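Q: Numbering (the working numbering), first residue to last: 932 to 1221.
Ideal placement from N, C-alpha and C gives every residue a C-beta, glycine not left out.
It should be emphasised that the depicted structure is a prediction, and the values quoted were computed from it without experimental measurement.
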Ligand SMILES: [Fe+2]
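(1) Would a C-beta distance cut-off of 8 angstroms place residue 987 and residue 1032 closer than the cut-off?
(2) Count the other CB atoms, across all protein chains shown, that sit within 10 Å of the CB of residue 1167; report buried if there are 16 or more and exposed otherwise.
(3) What does the Cβ neighbour count give for residue 977, buried or exposed, with the cut at 16 atoms within 10 Å?
(4) Based on DSSP bridge pairs, tell me the residues matched to residue 1185.
(5) Could you please give me the residues that DSSP links to residue 1229 through a beta bridge?
(6) Near residue 1197, what residues of its chain come up, given a Cβ to Cβ distance below 8 angstroms and the 5 sequence neighbours on each side ignored?
(7) Using beta-carbon positions only, say whether residue 1183 and residue 1035 come within less than 8 angstroms of one another.
(8) Exposed or buried, which one is residue 1056 when buried takes at least 16 other CB atoms within 10 Å?
(9) What residue range does the alpha helix (DSSP H) around residue 1093 cover?
(10) What do you get for residue 1212, buried or exposed, if any count of 16 or more other CB atoms within 10 angstroms of its CB means buried?
(11) Check for me: the alpha helix (DSSP H) holding residue 1213 runs from which residue to which?
(12) Mark residue 942 as exposed unless 16 or more other C-beta atoms lie within 10 angstroms of its C-beta, in which case mark it buried.
Rendered as structure tokens:
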């Protein structure tokens, strides 16, 4: 039994939470940006500034001056530890340390998978095909090199999408919380054969936080009959104009710290002489204190 503002019958709690959430919502991506000296050694003020943005919108963007010759992965791991993230979700194409370098691969195994191409990736949350014990609750991206052109991420706080849907029709939420709402057939994700996963789109964790499991892909996803119209509504809200959808190109030295919000990757053109390189780390915890 869900208690509090995510209980569909508790209108008063929901309206209080919604009004507070909307009143604090960022109006542009610049509201999410925090300048930091070194992600591997955040000051208390920098940590507080990131946490404050994460509490309001489940995401923040740090901006540190690019550092030459640095070990990006070690820095990212130190940042993750500072944010209370310890359980990395590795996939078969991650490096041995569990962090995945995302760059264009023109041949080899990785070239078969969209993340390693210049192609767009539609709206999703990370790990939507994972089994429940490997739910991805936090996502970090660190930019070491940007594309010659394009490659932005569009971003939306899952809780704001929830509000848009519930205000339109609470039944949309009800059907998306059903345990059979979305099935991802067994397949091969980034080099790992995996069984089918069946589960809800929206779920509420034991700590009361909202989790969203979603992909806008039309292939390799099966919606229950009840959830299909709600999935259409989600797609319509994500594709339509919204003050809550932000678009941002990560610059070298910038990164996203987040509780796995909805996001895309826009198409890009890579310059092999100066390639796009993002490090991605997915964790099973949410960011501590957010
Ligand atoms: Fe993603």
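A: Inspection of the coordinates gives the following:
(1) Sequence index remark: in the chain shown, residue 987 carries index 56 (1-based). Sequence index remark: in the chain shown, residue 1032 carries index 101 (1-based). No.
(2) In the chain shown, residue 1167 corresponds to position 236, counting from 1. Its Cβ having fewer than 16 others within 10 Å, residue 1167 is exposed.
(3) As a working mapping, residue 977 is identified with position 46 in the chain shown. The residue is buried, with at least 16 neighbouring Cβ atoms inside 10 Å.
(4) For the purposes of this step, residue 1185 is identified with residue 254 of the chain shown, where counting begins at 1. Residue 1185 pairs with 994.
(5) Residue 1229 is absent from the structure shown; the chain starts at 932 and stops at 1221.
(6) On the chain shown, position 266 is the one that residue 1197 refers to. The beta carbon of residue 1197 lies closer than 8 angstroms to those of 1051, 1081, 1082, 1083, 1084, 1085, 1178 in the same chain, with the five residues before and after it left out.
(7) The residue given as residue 1183 occupies position 252 in the chain shown. The residue given as residue 1035 occupies position 104 in the chain shown. No.
(8) By one-based count along the chain shown, residue 1056 stands at place 125. Residue 1056 is buried by the Cβ-count criterion.
(9) On the chain shown, position 162 is the one that residue 1093 refers to. Element bounds for residue 1093: 1089 to 1099.
(10) Along the chain shown, one-based indexing puts residue 1212 at 281. A buried status is given to residue 1212, since no fewer than 16 other beta-carbon atoms sit within 10 Å of its beta-carbon.
(11) If you number the chain shown from 1, residue 1213 lands on position 282. Taken as a continuous stretch (DSSP letters only), residue 1213 belongs to no alpha helix (DSSP H), being part of the beta strand (DSSP E) at 1208 to 1214.
(12) What you label residue 942 is simply residue 11 of the chain shown in a count that begins at 1. Classification for residue 942: exposed.
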